[in-house]
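Trainee: For the sequence shown, this note's numbering gives the first residue as 1029, with consecutive numbering after it.
Cβ coordinates follow ideal geometry from the N, Cα and C atoms, glycine included.
In this text, all values refer to a predicted model and were calculated from it rather than measured experimentally.
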Amino acid sequence: MSKRAANRYFWPTVWAVALHLGVAALSLVTLPRGEATPESSAIVQARLISTETRTDKAQQVEAPPAAAGNQPAKPAPEPRSEPAPPKEQKQKLEQKIIDQARDMATQRKQKALEQAKASARAEAERRTEKARQKAREAAERKKERAQAEARRKREAAEKAAAEQAAQEKAEKARQKREAEEKRRQAQAAKERAEQQKREREAAEAALQRKLEGEQQAAAKARQAEKAANSFIAVVRSAVEQAWRIPPRAGDHMRATVRVRLGPSGEVLAATVAQSSGSDGFDNAAVQAVEAAAPFAELLDLPPAQQAELRRFNLRFTPGEIR
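1) In chain order, what residues of the same chain have a beta carbon less than 7 Å from the beta carbon of V1314, not counting five sequence neighbours either side?
2) Taking I1273 as the reference, which of F1344, R1264 and E1242 has the closest Cα?
3) Who are F1323's beta bridge partners in DSSP?
4) Buried or exposed: F1340, going by 16 or more other Cβ atoms within 10 Å of its Cβ?
5) Given a threshold of 16 other Cβ atoms within 10 Å of its Cβ, counted over all protein chains shown, does P1330 qualify as buried or as exposed?
6) Which partner residues does L1342 have in the DSSP bridge list?
7) Just confirm the distance between the C-beta atoms of F1309 and A1266, as a whole number of angstroms; I'd bet it's less than 8 Å.
8) Go ahead and pull the three-state DSSP assignment for A1094.
9) Out of A1185, A1214, A1234 and K1171, which one is the CA nearest neighbour of Q1302?
10) Around the Cβ of Q1175, are there at least 16 other Cβ atoms within 10 angstroms (buried) or fewer (exposed)?
11) Helix or strand or just coil, what does DSSP make of L1296?
12) Compute the Euclidean distance between the alpha carbons of E1318 and V1295, then round it to the nearest angstrom.
13) Use the C-beta contact count for G1050: other C-beta atoms within 10 angstroms, 16 or more gives buried, fewer gives exposed.
14) Let me confirm a value: R1136 is counted as buried when at least 16 other C-beta atoms fall within 10 Å, else exposed. Which label applies?
15) Taking C-beta to C-beta, are T1041 and A1129 nearer than 9 Å?
16) Please look up how many angstroms separate the CB atoms of V1287 and L1342, rounded, as I've assumed it's under 8 Å.
17) With distances taken from CA atoms, which of G1293, G1347 and S1306 is nearest Q1333?
18) By Cβ distance below 6 Å, which residues in the same chain neighbour N1257 in space, the five residues on each side in sequence not counted?
19) Counting only the same chain and skipping the five closest in sequence on each side, list residues whose C-beta sits under 8 Å from that of A1214.
20) Give the straight-line distance between the Cα atoms of A1184 and R1211, rounded to the nearest whole angstrom.
21) Drop a sphere of 10 angstroms on the beta-carbon of I1126, count the other beta-carbons inside from all chains shown, and report buried for 16 or more, exposed for fewer.
22) Compute the distance between the beta-carbons of R1237 and L1289, then report whether it is under 9 Å.
23) Do R1264 and I1349 have their C-beta atoms within less than 9 Å of each other?
24) I'd like the list of long-range same chain contacts for V1045, defined as Cβ closer than 8 Å, with 5 residues on each side in sequence excluded.
25) Whose C-beta lies closer than 6 Å to the C-beta of A1270 among residues of the same chain, with five residues either side of it excluded?
26) Closest to G1305 by C-alpha separation, out of R1173, M1281, A1230 and E1206, would be which residue?
27) Any idea what DSSP makes of I1349, helix, strand or coil?
28) Helix, strand or coil: which one does DSSP assign to A1277?
Here is the structure:
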């Protein structure tokens, strides 16, 4: 930019120098050929009309001030020193014009440089401010984007946490329902197993009782003629004495009572092994056995026979007990 400013003032400077040289040449031509006369004030008053320069100001200082109105300018006082020869005067004038032109060019160049520097500083400041503004705007946009991203991440995290909590809650509810269902199933299975066990035990007990009755009957049949005759006879006699036949008992009624004695002949259990079809008849038979006990005669038998005779069946009919 400083180079363009210097080029802009180049031609005006050249024209000013040429104008000064022309004015000086005209002044020399008009001088008389005789003795040298003092330098006219008109030569000193020569100045550029197209541009205002420092040379103009210098010439205006050397020239006397013009009178007010249309009065002609007063001539400058003649110098006291001897006038210089025309050639020296011309050289001095040319040198003066050249110096003034050089000074003017230097000043204009300096002014152009200062203006260029000022423009450069202003442009640099403008660009710096623009860059700062862009940086602030970029920082603000970055901050807004960061805030938006942070908000988005926070919302996403909250949504994910809510969904996770809902899933965990649903999973816990499902696990609780499954556990409850398993508990109910296990309880039902346990109850079924217990029921089956009770039924199996009852069946086994019934079978055992049946087998025991059959074994007892077989044992009694085999040992009837031996050691059991006396004991059975005693039991029958005691039970017959305690037997109270119900008034409405028919001759067709039959009830078998299974008897289990203790080591001393006491009755541990008397149960109906075969019902007569009448609860009164059955209960009377059981009560007769219980009333006839204890059967202390059991202790008189050998230990082996005691074990065999502690379980036996009694068959009750309205006519007899066998």
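Mentor: Quick look at the numbers:
1) Indexing the sequence shown from 1 puts residue 1314 at position 286. The beta carbon of V1314 is closer than 7 Å to those of V1285, A1298 and V1300 in its chain, skipping five residues each way along the sequence.
2) The residue labelled residue 1273 in the question sits at position 245 within the sequence shown. Minimum Cα distance to I1273 is reached at F1344.
3) Taking the first residue of the sequence shown as 1, we reach residue 1323 at position 295. Paired residue(s): none; F1323 is not in a bridge.
4) On the sequence shown, position 312 is the one that residue 1340 refers to. F1340 should be labelled buried.
5) For this step, residue 1330 is matched to residue 302 along the sequence shown. P1330 counts as exposed, since fewer than 16 other beta carbons sit within 10 angstroms of its beta carbon.
6) Position 314 of the sequence shown, counted from the first residue, corresponds to residue 1342. Per DSSP, the beta-bridge partners of L1342 are V1285.
7) Position 281 of the sequence shown, counted from the start, is the residue given in the question as residue 1309. Position 238 of the sequence shown, counted from the start, is the residue given in the question as residue 1266. In fact, because the Cβ distance is near 19 Å, the residues do not count as touching under 8 Å.
8) Within the sequence shown, the letter at position 66 stands for residue 1094. Model confidence at A1094 stands at a pLDDT of 43, short of 50, so the residue's coordinates are unreliable and nothing is read from them.
9) Position 274 of the sequence shown, counted from the first residue, corresponds to residue 1302. Nearest C-alpha to Q1302: A1234.
10) Within the sequence shown, residue 1175 is the residue found at index 147, counting from 1. By the neighbour-count rule (16 or more Cβ atoms within 10 Å), Q1175 is not buried but exposed.
11) Here the question's residue 1296 lines up with position 268 in the sequence shown. Reduced to three states, the DSSP call for L1296 is strand.
12) In the sequence shown, the residue the question calls residue 1318 occupies position 290. In the sequence shown, the residue the question calls residue 1295 occupies position 267. A direct Cα-Cα distance of roughly 7 Å separates E1318 from V1295.
13) Counting from one through the sequence shown, the residue named residue 1050 turns up at place 22. When all chains shown are included, G1050 counts as exposed.
14) The sequence position of residue 1136 within the sequence shown is 108, counting from 1. Classification for R1136: buried.
15) Along the sequence shown, one-based indexing puts residue 1041 at 13. Along the sequence shown, one-based indexing puts residue 1129 at 101. Contact: yes.
16) For the purposes of this step, residue 1287 is identified with residue 259 of the sequence shown, where counting begins at 1. For the purposes of this step, residue 1342 is identified with residue 314 of the sequence shown, where counting begins at 1. Contact flag correct, Cβ pair sits at about 6 Å.
17) By 1-based counting over the sequence shown, the position of residue 1333 is 305. Among G1293, G1347 and S1306, the Cα nearest to that of Q1333 is on G1293.
18) The count along the sequence shown starts at 1 and reaches residue 1257 at position 229. Correct list: empty, nothing qualifies.
19) By one-based count along the sequence shown, residue 1214 stands at place 186. Taking A1214 as the centre and dropping the five residues before and after it, the same chain places no C-beta closer than 8 Å to its C-beta.
20) Indexing the sequence shown from 1 puts residue 1184 at position 156. Indexing the sequence shown from 1 puts residue 1211 at position 183. C-alpha separation (whole angstroms): 39 Å.
21) Within the sequence shown, the letter at position 98 stands for residue 1126. So I1126 ends up on the exposed side.
22) The count along the sequence shown starts at 1 and reaches residue 1237 at position 209. The count along the sequence shown starts at 1 and reaches residue 1289 at position 261. No, the pair does not count as a contact, with Cβ atoms beyond the cut-off.
23) Within the sequence shown, numbered from 1, the residue matching residue 1264 stands at position 236. Within the sequence shown, numbered from 1, the residue matching residue 1349 stands at position 321. Taking 9 Å as the Cβ cut-off, R1264 and I1349 qualify as a contacting pair.
24) As a position in the sequence shown, residue 1045 is number 17, starting the count at 1. For V1045, same chain residues with a beta-carbon under 8 Å away, outside a window of 5 residues either side, are I1125, I1126 and A1129 in chain order.
25) In the sequence shown, the residue the question calls residue 1270 occupies position 242. Same-chain partners within the cutoff: A1316, A1319 and A1320.
26) As a working mapping, residue 1305 is identified with position 277 in the sequence shown. Considering only alpha carbons, the answer is M1281.
27) Taking the sequence shown and counting its residues from 1, one reaches residue 1349 at position 321. The answer is strand: DSSP assigns I1349 an E or B state.
28) Taking the sequence shown and counting its residues from 1, the one referred to as residue 1277 is at position 249. It is coil, neither helix nor strand.
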